[in-house]
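Let me begin by presenting the structure, written as structure tokens, before commenting on it.
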Amino acid sequence: QDGMYQRFLRQHVDPEETGGNDRYCNLMMQRRKMTTHQCKRFNTFIHEDIWNIRSICSTTNIQCKNGKMNCHEGVVKVTDCKETGSSRAPNCRYRAMASTRRVIIACEGNPQVPVHFDG
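Under the UniProt record's numbering, think of the first position of the sequence shown as 1, with each following residue one higher.
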């Protein structure tokens with residue numbers, strides 16, 4: 001579970017407010033190792049302090065896509081990175097979309113930490 005938390009941090013957390021454009025996505029997807037063998041089609045970076053994100057874990061439980069009941073929702077600043085559809089690893093190309101939106105994360109453990117980005 002600690003490994004899953006670390007993976008969540010690597011793939012989805014960037015407290016810096018530098019997101020929002022295509023260049024950011026292209027760079028961060030590579031830097032965070034999501035373009036090594038194939039281009040990850042879609043990924044969301046959350047621009048919030050990790051403690052803000054962890055506090056989402058203490059909100060009401062809701063159902064995850066897999067049917068488990070360990071998901072939680074919160075509203076955070078994000079950059080969504082979507083692969084252009086024509087790029088090939090390792091030269092993956094992304095389109096960025098910056099927004100403040102509702103996200104759903106799965107949490108596990110004691111204390112509860114985010115382990116999976118559900119949407």
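From the three backbone atoms N, C-alpha and C, an ideal C-beta is built for every residue, glycine too.
*What residue range is occupied by the uninterrupted alpha helix (DSSP H) comprising asparagine 26?*
22-31
_DSSP-derived helix/strand/coil call for aspartate 80_ = Reduced to three states, the DSSP call for aspartate 80 is strand.
_With a threshold of 8 angstroms on Cβ separation, who are the neighbours of threonine 59 within its own chain once the five nearest residues in sequence on each side are excluded?_
His72, Glu73 and Gly74
*DSSP state of methionine 69, grouped into three classes?*
For methionine 69, the secondary structure class from DSSP, reduced to helix, strand or coil, is coil.
*Tell me where the beta strand (DSSP E) around isoleucine 105 begins and ends.*
94-108
*Taking the alpha-carbon positions, what's the aspartate 2 to asparagine 91 distance?*
30 angstroms
*Among Thr44, Met28 and Arg93, which residue has its Cα nearest to the Cα of threonine 100?*
Thr44
*Could you pull the start and end residues of the beta strand (DSSP E) that isoleucine 50 belongs to?*
Note, isoleucine 50: premise wrong, no beta strand (DSSP E); alpha helix (DSSP H) at 50-56.
_Closest Cα partner of leucine 27 within the set His116, Ser86, Asn70 and Arg95_ = In terms of Cα proximity to leucine 27, the closest of His116, Ser86, Asn70 and Arg95 is Arg95.
*Please classify glycine 19: is it buried, with 16 or more other beta-carbons within 10 angstroms of its beta-carbon, or exposed?*
buried
*Beta-carbon separation of arginine 54 and valine 113 under 8 angstroms?*
yes
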